[in-house]
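Residue numbers (the numbering used here): 1 to 424.
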């Protein structure tokens, strides 16, 4: 039996993707501890892990981020991403390192962290166990074949494309991400490590980088490192207590396309996508299912006759019946739609979403509206396009077969178990 310590940024989108990996390891008889925010405790324990809470001072799971950092609401796009990088991800590093070192006093074969938990590489550098990271968004590694993360640039090929990429990668390191070098070095010094003058886009190499998506969704990289492994997107665990809404038979028996609209659980202002989508599709011959991500469904009233609204519906259940998904580009939502062969209409610019939506268009699984606040006309046009053109659904099915969600968790845990031998 091996012992694993999972550690994740205290947010659902960082923790939930690891649940299938935890369940697979536990079912195989291994010990798994999982440390993250208290709001995620129930899901972690249901997956089978021993839950260990983050210290209160670095637990951002108990309230919305804008309540922890009121000034955050004044930013959007790249500026909000950089704000989060400094205040949410970097500022907590030293405290996370000390917390993890305390937990690692118990015998542990492998430390497993989400890619945004920037403390994990430091723990390894300080003599910790082999470390694996699991990718909960697009691959952010610098490459001669891609533009820098955060700009939403499509890849370009050939000599000129590489010149563009090298130039932009250098510019971004020296401008947009330049402050992160000092911020990271302050955290390094706080735990006794020397400064390295590296920015947040210069990712230290883990022992294994397990990307939870199919390779076909990601831009090709001729300089892809050997420690980066694509395993596909694991099928989520079955819901524990979900009660089907009264209108569920309308979805199951629908003779017209079912269009799902979601903004996830982070960027949830209903005026950005939910309300415009309901209005845009009110006169279309479709059944719309709008999922608020926790907000009271009354925020979307009056609801058109062809729409149904719910706080929460397990997407693994809902997407089985969907013909299209309108999303603000949450990585998990996009991957699950692909797993079910459902084409997408994507509209998102915050957090990592500008990169996710760009890949939706590049991979052919949907259209990118290239905005956070699409017009009703743009949404309607996007939905009509993916429903009328079978190439989008065909691309989604092709990537879904590559992702092979039923076996993705096993592929991921095989990678983790390969590191146990390194430790022993």
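Using N, Cα and C, we set each Cβ at its ideal position, and we do this for glycine too. As the structure is a prediction and not an experimental result, all values here were calculated from the model.
{"Asked": "Backbone secondary structure at residue 310 - three-state DSSP", "Found": "strand"}
{"Asked": "9 Å Cβ cutoff met for residue 245 and residue 313", "Found": "yes"}
{"Asked": "Residue environment, residue 160, which counts as buried when at least 16 other CB atoms sit within 10 Å", "Found": "exposed"}
{"Asked": "Cβ-based burial, residue 171 [other Cβ within 10 Å; buried from 16]", "Found": "exposed"}
{"Asked": "contact_flag[the segment 173-189, the segment 374-387] where n(CB pairs < 8 Å) is 3 or more", "Found": "no"}
{"Asked": "Member of 29, 10, 60 whose CA lies at the smallest distance from the CA of residue 1", "Found": "29"}
{"Asked": "When 348, 114, 309, 318 are compared against residue 327, the one with the closest alpha-carbon", "Found": "348"}
{"Asked": "C-alpha gap between residue 57 and residue 10, whole angstroms", "Found": "12 Å"}
{"Asked": "Entirely enclosed beta strand (DSSP E) segments - the segment 247-279, minimum 3 residues", "Found": "258-262"}
{"Asked": "Beta carbon of residue 420 nearer than 9 Å to that of residue 130", "Found": "yes"}
{"Asked": "Euclidean distance between Cα positions of residue 376 and residue 290", "Found": "15 Å"}
{"Asked": "Selection from 136, 151, 134 that minimises the alpha carbon distance to residue 142", "Found": "151"}
{"Asked": "Alpha-carbon to alpha-carbon, residue 204 and residue 94", "Found": "16 Å"}
{"Asked": "Residue 357, buried or exposed, once every other Cβ within 10 Å from all chains shown has been counted against 16", "Found": "buried"}
{"Asked": "Stretch-stretch touch, CB-based, cutoff 8 Å, three pairs: the segment 5-21 with the segment 107-119", "Found": "yes"}
{"Asked": "Separation of residue 70 from residue 85, as counted between CA atoms", "Found": "15 Å"}
{"Asked": "Closest residue to residue 99 among 83, 122, 81 (Cα-Cα distance)", "Found": "122"}
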